[in-house]
Amino acid sequence: MRVIRYRDAVREAMIEEMKRDERVFLMGEEVGHYQGAYKVSEGMLEQFGDKRVVDTPIAEAGFAGIGVGAAMAGLRPIIEFMTWNFSAVAFDQILNNAAKMYQMSGGQLRVPIVFRGPNGAARQVAAQHSHAMETFYAQVPGLWVCAPATPRDAKGLLKAAIRDDNPVVFLEGETLYGVKGEVPDEGEEEIIPLGKARVAREGEHATIVSWGRAYYEAMRAADGLAKEGIECDVIDPRTLRPLDHETIVESVKKTNRCVIAHEHWPYGGPGAEIADRVQREAFDYLDAPILRVGGRDVPMPYALSLEERVLVRSEDVMAAVKKVLYRE
Amino acid sequence: MAGRTVNVEELKGYYRRMWLIRRFEEESARAYAGGKIGGFLHLYIGQEAIAVGGAAAIGPEDYVITTYRDHGHALARGMTSRAAMAELFGKETGCSKGFGGSMHMFDVEHRFLGGHGIVGGHLALASGVAFKLKYQGEPHVCLGYCGEGATNIGGFHEALSLAAIWKLPAVFIIENNEYSMGTPLSRTLPVRDITLKAQGYGMYSDRFEANDVFEVREKLKKAVEHARSGKGPALIEILTYRFRGHSMSDPGKYRTPEEVELRKKKDPVRVARQLLLDSKVPEKEVEAIDAEVEEEVRDAVQFADESAPPSEELMHDLVYAPSEEGLIENVEHWHKVVSSNIVGGA
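Protein chains in written order, with the numbering used here: chain A, 510 to 837; chain U, 86 to 431.
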């Protein structure tokens, strides 16, 4: 194992898959000459040339559609959104074309494409640039949705996503790009299958389910709780569609309590979906209502003091765990 | 048309294809009225010379993408009447196995990539196919058709803009039938000549009427060769008219019967038929083509009617393409969810 940053892990996955398969290419705003808005694709233009690392104008709907069309015809595009916020203007392409083409064509056309980029809030970029978009995309049959929190997961999952024949929504994070973590050594290929959760921490008192940026708050909360004698299972589903249902339910059957911490808005979304599944599959095991800790139900404010209140914090997760343990 | 020499064999083929589309559409309208076809049904009647002339302008390895008004293009490209009609009837023997319906016909073998219900974005797909052709160095083109109404949506402009920047082998063809559903183009377009939009993208353009299938073919061939030779995409506006409403639910009250009758005098199918007769093809021979078409459409309707609808299992199987081992896990729960309306499985 060696330690690298999240952005380097994403880049390594793309480079390895582009070396492996000529049909794989990267397209997006500033991915080439600028070296990536967040330096994720740094050096790739020099390595692969402008045929395979393609800079685009500001035209998300256009280049997302070009990706889908190219995938329909046999290529395997990686479409980078500078941030997932901008995917809103390309939603038609993802929802109506990428997700549905296989079905609408009676199975004649596959759309092997990965849409990727940073998801969720950065810091003080206000209402239009701070969406946690999984709540929209995880709803759509025909898409797979990944939201890796660690460099190792980002690399292994992205490689699987690129190789799969279905459209994958791959949610990274601007605040995650600098996170360091262990990945397998060079030459040791690791493919992490989509739809498999990772048990990040084990404990018998409560289960915390969390992914993306909120995962780190959940882990900090678990550290804090441990100091108070409360041991938690922390489960990172890593993929939100398909969801590794079993791992979460098995954990709740052991701990009898469940807290779900997510960055997205509280109305619906993967957080609510997980709560629904747990109440149904582990009803007889629950000793307290399932609690969710989410972003607040407001457009993201600019003011730092308010943004900090909107985003999930470890204190909130700790409070929720104590609440399901009736230790307030 | 007097004094004009045409390749009679080609003309027979084009006439047959146009008449097939006409009769196919008329019979699908009848089946719709009889409750055999549901949803939306947008007929191509009046515009046949474009689909047939367009198909004649390209080769078997070139691609075609169009909007929801797609039956004519599917048939022109070589889809069987059976597969097209069975799709309208929602049957598993249909081109899209009964999952697409009227608006989503696909025939990958004939490189016909749909049939798209949401217009504008489908032109980006055409640019994407053209991107693939350039990427892999294939000497083919992709034709992307739309109506004049779709030239107002952003997807149209982004598709053209990117295709132009990268000199992609795409030909965008506007079938200007003067009405964006019920709204005349005088209220949707600030200019009458839509090809003016090509200037903004430094694109080859042409504009002509769609009454003569040979003219359509020859003018499109020029655009196709332009795109194929690497000079970049083209924007073509073809002036046409649909004789029926926007869809089956549209009585067409926004235009007068006189207007429609006037336009029917330039009916491209009639023009082609007359050209056959003028070219000394015996009327009996033309009637034999008509009879053949009649039988093909009758057979298609019967085939569609007698076919079975798709199964529930197929509905589940067609959401995700099969994945290689080791790439996806835990789809069992999804299968359980998808098989019942009680969420999580009964």
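Backbone N, C-alpha and C define an ideal beta-carbon position, used for all residues, glycine too.
In this text, all values refer to a predicted model and were calculated from it rather than measured experimentally.
Where residue i falls, given that 16 or more other Cβ within 10 Å makes a residue buried
i, result
"residue 86 of chain U", "Unreliable positioning characterises residue 86 of chain U in this predicted model, as indicated by a pLDDT of 46, which lies under 50. The coordinate reading is nonetheless provided below. Classification for residue 86 of chain U: exposed."
"residue 229 of chain U", "buried"
"residue 552 of chain A", "exposed"
"residue 557 of chain A", "buried"
"residue 153 of chain U", "buried"
"residue 519 of chain A", "buried"
"residue 201 of chain U", "buried"
"residue 52 of chain U", "For chain U, the structure presents residues 86 to 431; residue 52 of chain U sits outside this window and is missing."
"residue 145 of chain U", "exposed"
"residue 764 of chain A", "buried"
"residue 512 of chain A", "exposed"
"residue 92 of chain U", "exposed"
Closer than 8 Å to chain U by CB, residue i
i, result
"residue 700 of chain A", "yes"
"residue 751 of chain A", "yes"
"residue 773 of chain A", "no"
"residue 542 of chain A", "no"
"residue 594 of chain A", "no"
"residue 581 of chain A", "yes"
"residue 663 of chain A", "no"
"residue 762 of chain A", "no"
"residue 813 of chain A", "no"
"residue 755 of chain A", "yes"
"residue 765 of chain A", "no"
"residue 606 of chain A", "yes"
"residue 732 of chain A", "no"
"residue 651 of chain A", "yes"
"residue 705 of chain A", "yes"
"residue 784 of chain A", "no"
Test: residue i CB closer than 8 Å to a CB of chain A
i, result
"residue 405 of chain U", "yes"
"residue 217 of chain U", "yes"
"residue 272 of chain U", "no"
"residue 87 of chain U", "Note that residue 87 of chain U scores 47 on pLDDT, short of 50, meaning its location in the model is unreliable and no value can be drawn from it."
"residue 239 of chain U", "yes"
"residue 206 of chain U", "yes"
"residue 210 of chain U", "yes"
"residue 104 of chain U", "no"
"residue 244 of chain U", "yes"
"residue 411 of chain U", "yes"
"residue 416 of chain U", "yes"
"residue 152 of chain U", "no"
"residue 408 of chain U", "yes"
Given residue i as reference, the closest of the options once Cα atoms are compared
i, options, result
"residue 384 of chain U", "U:157, U:151, U:171", "U:171"
"residue 769 of chain A", "A:738, A:730, A:737", "A:730"
"residue 577 of chain A", "A:536, A:547, A:750", "A:536"
"residue 408 of chain U", "A:817, A:702, A:678", "A:702"
"residue 820 of chain A", "A:585, A:806, A:828", "A:806"
"residue 319 of chain U", "U:300, U:342, U:280", "U:280"
"residue 808 of chain A", "A:511, A:689, A:774", "A:774"
"residue 631 of chain A", "A:825, A:837, A:811", "A:811"
"residue 742 of chain A", "A:618, A:543, A:725, A:761", "A:761"
"residue 270 of chain U", "U:236, U:112, U:158, U:299", "U:236"
"residue 781 of chain A", "A:598, A:610, A:648", "A:648"
Residues that residue i contacts on chain D, provided the C-beta gap is smaller than 8 Å
i, result
"residue 193 of chain U", "Absent from the structure: chain D. Protein chains present are A and U."
**Request:** Output, in sequence order along the chain, the residues in the segment 558-577 of chain A whose CB is closer than 9 Å to any CB in chain U.
**Result:** 560, 561, 563, 565, 566, 568, 569, 570, 571, 572, 573, 574, 575, 576, 577
**Request:** Anything in the segment 165-184 of chain U with a Cβ closer than 9 Å to a Cβ of chain A? List those residues in chain order, please.
**Result:** 172, 177, 179, 180, 181, 182, 183, 184
**Request:** Kindly confirm or deny that the segment 796-803 of chain A and the segment 616-631 of chain A touch, where touching means at least three C-beta pairs closer than 8 Å.
**Result:** no
**Message:** With three or more C-beta pairs closer than 8 Å as the rule, is the segment 413-420 of chain U touching the segment 736-754 of chain A?
**Reply:** yes
**Asked** Of the residues that make up the segment 611-625 of chain A, which ones have a beta carbon closer than 7 Å to any beta carbon in chain U?
**Response** 611, 612, 613, 614, 615, 616, 617, 618, 619
**Prompt:** For the segment 207-226 of chain U against the segment 241-250 of chain U, are there 3 or more C-beta pairs whose distance is under 8 Å?
**Reply:** yes
**Prompt:** Would you call the segment 819-833 of chain A and the segment 710-718 of chain A touching, i.e. three or more CB-CB distances under 8 Å?
**Reply:** yes
**Item:** Touch test, the segment 523-541 of chain A against the segment 660-673 of chain A, Cβ-Cβ under 8 Å, three pairs minimum
**Value:** yes
**Request:** With 8 Å as the C-beta to C-beta threshold (strictly closer), list the residues of the segment 795-820 of chain A near chain U in chain order.
**Result:** none
**Request:** Would you be able to state if there are at least three C-beta pairs under 8 Å between the segment 634-647 of chain A and the segment 370-378 of chain U?
**Result:** no
**Asked** With a cut-off of 8 Å, do at least 3 Cβ pairs link the segment 309-327 of chain U to the segment 248-265 of chain U?
**Response** yes
**Message:** Three Cβ pairs or more, each shorter than 8 Å: is that satisfied between the segment 289-297 of chain U and the segment 343-362 of chain U?
**Reply:** yes
**Message:** Does the structure place the segment 161-175 of chain U close enough to the segment 217-232 of chain U that three or more beta carbon pairs sit under 8 Å?
**Reply:** no
**Prompt:** In chain order, what residues of the segment 678-703 of chain A put their CB closer than 9 Å to some CB of chain U?
**Reply:** 700, 702, 703
**Interfacial residues, the segment 280-296 of chain U to chain A, with Cβ spacing under 8 Å** = none
**Prompt:** Is the segment 555-574 of chain A close to the segment 649-656 of chain A, with three or more CB pairs under 8 Å?
**Reply:** no
**Asked** Quick check: the segment 583-593 of chain A against the segment 529-547 of chain A, are there 3 or more CB pairs under 8 Å?
**Response** yes
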